[in-house]
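Asker: Take this structure first; my questions come after.
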Amino acid sequence: MVSAPRAAPHEPRAFGLALLDALTAGAGLGYLAHLYREALVANLAAIGLGLLLVFAVGYAIRAAVRALRRANRRMEGIFAEELRKPSPRPR
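Using our numbering, the first residue of the sequence shown is number -9, and each one after it goes up by one.
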């Protein structure tokens, strides 16, 4: 069986950039929430349902990607197995 290549460990620079990105997004969302406080309070149910829908779609996409990766690993294993077998016809 062919094992999948291991992922490289996370680089400290990438982790720092991800934290900076999250901080920037949080600050931006906080600023928008401050500006549109009345609209947020008036439409809280619609916003909550929208967020729930976004998370559900994200979870479904994540599950689909995982299933496709698993199928890809199986196909790679089958191809590797077939390539190791000798040819049925002599050359």
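Note that the Cβ used here is the ideal one computed from N, Cα and C, for glycine as well. Only a predicted model underlies this, so the values are computations on that prediction, with no experimental measurement involved.
#1: Roughly how many whole angstroms lie between the Cα atoms of Leu41 and Gly48?
#2: Measuring straight from C-alpha to C-alpha, what distance separates Glu66 and Arg74?
#3: Alpha carbon to alpha carbon, what distance is there between Arg63 and Arg79?
#4: Return the CA-CA distance between Met(-9) and Ala53, expressed in angstroms with no decimal places.
#5: Taking DSSP as the reference, what is the three-state secondary structure of Arg79?
Answerer: Put simply:
#1: The residue labelled residue 41 in the question sits at position 51 within the sequence shown. The residue labelled residue 48 in the question sits at position 58 within the sequence shown. Straight-line Cα distance between these residues: approximately 10 angstroms.
#2: Taking the sequence shown and counting its residues from 1, the one referred to as residue 66 is at position 76. Taking the sequence shown and counting its residues from 1, the one referred to as residue 74 is at position 84. Their backbone Cα atoms lie some 12 angstroms apart in a straight line.
#3: By 1-based counting over the sequence shown, the position of residue 79 is 89. By 1-based counting over the sequence shown, the position of residue 63 is 73. So the two alpha carbons sit approximately 28 angstroms from each other.
#4: Translated into the one-based positions of the sequence shown, residue -9 becomes position 1. Translated into the one-based positions of the sequence shown, residue 53 becomes position 63. Bear in mind that a pLDDT of 49 at Met(-9), under 50, signals an unreliable position, so the model cannot answer this.
#5: Your numbering for residue 79 matches position 89 in the sequence shown. Arg79 falls in the coil class under three-state DSSP.
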